[in-house]
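Residue numbers (this note's numbering), protein chains in the order written: chain Y, 24 to 350; chain L, 24 to 350.
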């Protein structure tokens, strides 16, 4: 298996990306393309495993900046590292691409180079984000902010395949996130999506509310990327705030190491993204994994492991079949 | 001061509502109109303070059911208790109205009977919902689900007056909740609202993200009622989930009573609504306080105290002046 990695993406690129990719190449038995500035990558590689036969550098001078508008920047920087890495998948040279930012850059590169699967109007970023509800994936977490009802239905089909193939859940339950359980509740897109979901053949259980996310009421919870993004960031921040509060409340009452373990566990449970290394960009004609910009080598290696799993499970192929079966 | 209370609204009406109103009448030095079925109310009143001179029953046979569509139900039940209670404010017989549901019923009654303040296109329900950020009000929490940019601007003006008059914050900071800090980020309504906010004369600090809510980055955080509703319910549920988890993790490591206090504090900190008894419905030509449907007597009494404070602070008058000053 061959994974293309954008060596220039993320807050700690290229150092942490190269380190993480080296780790993955060594431990996961796969080949890695490191795409970016050869000199800089070589410099980092020299620290670890400069002559490894399963790491190949693909040189390019250009890369995107976090502050750039992704669509405009990619139009101008045709050799941007994220574009070159994605093209390796398009050309069949790599099986998947992994990048740590900008998120808009990776999604735009994936859309323009690989395109979406037939019948999926928009891509999504999604997965489980709460350790308390590991079998509940929330989609979208930020790829498509303004959603039409058919976008939401596309997300539901993606979520079904994701839950089946990557979480091993048979006939996963799918719900629409809304401001009330009744079918008439929701914003315009959710209200209009409701009948589409009902007639879709997926295992639709109706609307769920914000309170149903931590309790894992459905396996797949569908929302637009605006709501999902706000929720995921709120969850992580609330978890950190509560962890701090508990740390103070428990001070001198439990051994230091126990408090540290508890707060660490709590932070992880309210922010699964760091544990899995990132979230897949689904709906694309190829496996694309988006890491958080703040990713360190450990998260990069975990994201590469996720890419490997998605390729092995042929998630993209299964989603194509799912879409072909839609009447 | 005279407060009209819908004695028939809420999951535990009329018993808990009558009990809470009796408590408030006794302790807060005010007069209460209990609106609803006289026989049922008398029966409850007999348990507490049947002959109190500061409690008056306003009889009506009709009341709304939680499952009814509020607009249609109010059109048919012209003597529904929530409508009669709201009319007491319209007629100048009461200074404020308090109700525990249905929320749609109270908001519809307020809109049709009292109307919105000139320049405020839609009402909102809002307030602080995190104990970790008591000086951060999030608006809207569910009254207006589909929002146009000018609705969001109206919410911001309400939030400013609320933070100034009820929280005592001078020149409160106002932010738009979005999926990124940059001004171009957001769904269509948020993106279009951004320039309106910039030119509004309010102390607008730009976009904030979900992660900025628990840290209290702004005094007033504006979002549509769909997003706010999902967030508030998610917060309460996540708090309860974490409280359970801590309870298990701390078992036999701390005294039972300490664990109970900590989990109780955590639940309160992730769900301020119960502490304050409910949220005001703002933007209406009159003081309207909406309690949670699950409210018990303590919450009803706290909501009545909130109504009293809003009247004393003349929040509605201040909002009217604020709107008159808008160019």
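Quick reminder that beta carbons are idealized off the backbone N, C-alpha and C, glycines included.
Computed from a predicted structure; not experimentally measured.
Have a look at residue i and residue j and give me their C-alpha separation to the nearest angstrom.
i, j, result
"residue 225/L", "residue 202/L", "22 Å"
"residue 31/L", "residue 105/L", "8 Å"
"residue 180/Y", "residue 293/L", "33 Å"
"residue 165/Y", "residue 64/L", "51 Å"
"residue 321/Y", "residue 207/L", "32 Å"
"residue 110/L", "residue 100/L", "14 Å"
"residue 317/L", "residue 41/L", "14 Å"
"residue 117/Y", "residue 281/L", "56 Å"
"residue 75/L", "residue 194/L", "43 Å"
"residue 67/L", "residue 210/Y", "40 Å"
"residue 198/Y", "residue 244/Y", "5 Å"
"residue 62/Y", "residue 86/Y", "14 Å"
"residue 236/L", "residue 308/L", "29 Å"
"residue 215/Y", "residue 170/Y", "11 Å"
"residue 348/Y", "residue 191/Y", "20 Å"
"residue 80/L", "residue 260/Y", "47 Å"
Ordered along the chain, which non-local residues of its own chain (more than five positions away) have a Cβ less than 6 Å from that of residue i?
i, result
"residue 326/Y", "121, 300, 301, 312 and 314"
"residue 341/L", "184 and 188"
"residue 77/Y", "48 and 54"
"residue 150/L", "160 and 302"
"residue 119/Y", "26, 310, 330 and 334"
"residue 213/Y", "199 and 201"
"residue 39/Y", "319 and 320"
"residue 233/Y", "none"
"residue 268/Y", "none"
"residue 172/Y", "212, 215, 216 and 219"
Kindly list the residues whose CB is nearer than 8 Å to the CB of residue i, restricted to its own chain and excluding five residues on each side of it in sequence; keep chain order.
i, result
"residue 336/L", "188 and 189"
"residue 168/L", "247, 248, 249 and 252"
"residue 258/L", "152, 153, 293 and 294"
"residue 140/Y", "306, 307, 308, 339, 342, 343 and 346"
"residue 204/Y", "229, 230, 231 and 232"
"residue 113/L", "136, 137 and 309"
"residue 96/L", "87, 88, 103 and 128"
Could you give the residue range of the alpha helix (DSSP H) that holds residue i?
i, result
"residue 343/Y", "338-348"
"residue 272/L", "248-273"
"residue 117/Y", "Premise fails: residue 117/Y is in no alpha helix (DSSP H) and is neither H nor E."
"residue 280/Y", "279-292"
"residue 318/Y", "Segment: none, residue 318/Y is in no alpha helix (DSSP H) and carries neither H nor E."
"residue 295/L", "295-299"
"residue 93/Y", "93-99"
For residue i, return the contacting residues in chain C, with the cut-off set at a CB-CB distance below 9 Å.
i, result
"residue 290/L", "Absence of chain C from the displayed structure is noted, the protein chains being Y and L."
Shorter than 8 Å from the beta carbon of residue i to some beta carbon of chain Y?
i, result
"residue 237/L", "yes"
"residue 88/L", "no"
"residue 220/L", "no"
"residue 264/L", "yes"
"residue 169/L", "yes"
"residue 112/L", "no"
"residue 250/L", "yes"
"residue 308/L", "no"
"residue 277/L", "yes"
"residue 206/L", "no"
"residue 255/L", "yes"
Taking the continuous beta strand (DSSP E) assigned at residue i, which residues delimit it?
i, result
"residue 245/Y", "243-245"
"residue 84/Y", "Note, residue 84/Y: premise wrong, no beta strand (DSSP E); not H, not E."
"residue 303/Y", "302-305"
"residue 313/Y", "310-313"
Here's a check: name, in chain order, each residue in its chain whose Cβ is nearer than 7 Å to the Cβ of residue i, leaving out the five neighbours to either side.
i, result
"residue 266/Y", "286, 289 and 290"
"residue 46/Y", "320 and 324"
"residue 174/L", "144, 145 and 167"
"residue 51/Y", "327, 328 and 331"
Within 8 Å (strictly less), CB to CB, does residue i reach chain L?
i, result
"residue 200/Y", "yes"
"residue 233/Y", "yes"
"residue 165/Y", "yes"
"residue 270/Y", "no"
"residue 216/Y", "no"
"residue 91/Y", "no"
"residue 152/Y", "no"
Report the residue ranges of all beta strand (DSSP E) runs contained in full by the stretch 183-235 of chain L; include only those spanning at least 3 residues, in chain order.
Segments of the beta strand (DSSP E) lying fully in the stretch 183-235 of chain L: 197-200 and 227-231.
Tell me the start and end of each unbroken alpha helix (DSSP H) in the stretch 119-185 of chain L that is at least 4 residues and wholly inside, in chain order.
DSSP runs (the alpha helix (DSSP H)) wholly in the stretch 119-185 of chain L: 126-136.
Return the chain-ordered ranges of every alpha helix (DSSP H) run that is complete within the stretch 28-84 of chain Y and spans a minimum of 4 residues.
Within the stretch 28-84 of chain Y, the complete alpha helix (DSSP H) runs of at least 4 residues fall at 38-50 and 61-71.
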